[in-house]
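Per my numbering, the sequence shown starts with residue 79, numbered consecutively.
Some notes on the structure that comes next.
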Amino acid sequence: MDVETFEWLLTANGQRLLVQAAHSYADHPGDPVAAASSLRSVGGADAERSAAALTQVQLRVRAVPKLGEDALRMYFTPDGLEQATRTRVAEHRAARLVAADVGTVIDLGCGIGGDLVAFSRAGLTAAGVDLDPVRVAVARANLGALGLPGAVQVADLTEVDASGFGATFADPARRSGRGRVFDVEGWTPPWSFVAGLLRGRSVVKVAPGIPHTLVPGDVEAEWVSDHGEVKEAALWSSYLATCRRRATVIGSGGLATLTEEDDPYDGQSRPVRDVGAYLYEPDGAVIRAGLVTAVAAGVQGGLLDPHIAYVTSDMGFRSPFARAYSIIEELPYREKQLKAALRARRIGALTIKKRGVEISPETLRQRLALRGETSATLVLTRRAGTGIALLVEPSVN
């Protein structure tokens, strides 16, 4: 889709075509060919405009889980939607900038404007730049569609003077035409540019797998998960940082955050103990942030193994930072004896969770060939370096 076609979609005729495209999409669910044929027969637009309208409808539907109901009024490009930040994550970032009293923010490489929307809605004066004219047009249209102020223009982000803004936000592109880029100097913009940003008042969104060793010593690294899925890491420069490492967990109950200040074992030996009554599986953001021992302290427990992110305790707690399981019993770890034990308990449906052991849950499940009417969860891991098998059930405590 080029800029001319997109801007036509914003006209009265284009908006009518979008409505018709939504009806065609709904009338032919799962059949894009039939939907396109139906739209061309009633829409009165050429094939290119019809295809653009139908693509927008498809992208809007796909965007709802990520961006909520706003997505049904917004505009997208396929790659722009893929790179866009989830709404709740973007809102959290915007709230932190408001709390830091920055007032104004510029989004370098704003894409389709997902973060711009969050900044503007939070009350920040927001501006964005992007090198792609289509993305700029889409971002501008999204602000307008949601009734939000903000300025967007085409520019090379590496040449923008951001000194007049209270804070700078950047989300380097980490994919190319050949797939994901793992070399940080292959990002757009590259790490050398990002490092320069982090010497000022800035926050940079990066991949969750960023090595701790890459993060400058005065920068806060925050890992964020949304409903159990680690979505990103954000690097907060020294002017905005409030700690060194943070895990932020967003769930149905709201938002919770954990830092190294909550970890009495930070920089010390890791607490290891034998199996207790409960097993805790820390959230991925907690693991990425290296704060598993903070969870152990919070549940008055310890680790089964110093190198594995499972926590055990004699106490049952609800925690936003870990999923809790009651340990029913320890079963034999060897496959033959394990199979006999599971069959004796008439377990037919088995969820297998594993950490720190070289086992394929799918392959093991096939070899066990279980039969029975009971379902269960099995955890395969190590205790002080030795493999163990734990039969568990989700805890309601």
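The beta-carbon is built from N, C-alpha and C at its ideal position, and this holds for glycine as well.
### Cβ pair A251, T236 closer than 9 Å
no
### Task
Report the rounded CA-to-CA distance for F154 versus S404, giving the unit in angstroms.
Looking at the two C-alpha atoms, the distance is approximately 45 Å.
### Message
If distances are taken between C-alpha atoms only, which option among T326, G379, L276, G331 comes closest to P349?
### Response
G379
### Query
In whole angstroms, what separates the C-alpha of I184 from that of R218?
14 Å
### Message
When you compare the CB positions of Y411 and G465, do they come within less than 9 Å of one another, or not?
### Response
For Y411 and G465, yes; Cβs fall inside 9 Å.
### Task
Would you identify the three-state DSSP class for Y153, choosing helix, strand or coil?
coil
### Query
Are the segment 330-338 and the segment 391-402 touching by the rule of at least three beta carbon pairs closer than 8 Å?
yes
#### Entry: Three-way DSSP call (helix, strand, coil) for S347 in this model
coil
### Query
According to DSSP, which residues form a beta bridge with L428?
A454
### Task
Please look up how many angstroms separate the CB atoms of D304 and I328, rounded, as I've assumed it's under 8 Å.
About 5 Å separates the two Cβ atoms, so the contact holds.
### Query
With DSSP run on the structure shown, which of helix, strand or coil describes R323?
strand
### Message
Less than 9 Å between CB atoms is the rule here; does G380 satisfy it with respect to chain C?
### Response
The structure shown has no chain C; it contains just one protein chain.
### Task
For my contact list, L280 and A245 are in at a C-beta cut-off of 8 Å; report their separation, rounded to the angstrom.
Here the sequence assigns Ser to residue 280, which means Leu is not the residue at that position. In this structure S280 touches A245 by the C-beta definition: roughly 6 Å separates them, less than 8 Å.
### Task
Determine the DSSP secondary structure at S241, reduced to helix, strand or coil.
coil
### Query
Exposed or buried, which one is D124 when buried takes at least 16 other CB atoms within 10 Å?
exposed
### Message
Applying the 10 Å Cβ sphere with the 16-neighbour rule, what's the burial state of H290?
### Response
exposed
### Query
Taking the DSSP output, what are the residues bridged to L381?
V350, V389
### CA nearest to the CA of V373, picked from P342, Q346, S347, A355
P342
### Message
Restricting to Cα atoms, I'd like to know which of L209, D392, P107, A355 is closest to L469.
### Response
Taking only the C-alpha atoms, the option nearest L469 is A355.
### Whole-angstrom distance between D383 and A462, CA atom to CA atom
5 Å
### Message
Using the Cβ count rule (16 or more neighbours within 10 Å means buried), how would you classify E359?
### Response
Only buried fits E359, as 16 or more other CB atoms lie within 10 angstroms of its CB.
### Task
Give the range of the alpha helix (DSSP H) segment to which E82 is assigned.
For E82, the enclosing alpha helix (DSSP H) begins and ends at 81-87.
### Query
Leaving out five residues before and five after C321 in sequence, what residues of the same chain have Cβ atoms less than 7 Å from its Cβ?
E298, T337, E338, E339
### Query
Do you know how far the Cα of V232 is from the Cα of A99?
29 Å
### Endpoints, the alpha helix (DSSP H) within which I365 is located
Where I365 is concerned, the enclosing alpha helix (DSSP H) stretches over 362-366.
### Query
Touch check for the segment 140-158 and the segment 271-286: three-plus C-beta pairs under 8 Å?
no
#### Entry: Contact set for D392: own chain, Cβ-Cβ below 8 Å, skip 5 residues either direction
G354, A355, Y356, Q378, G379
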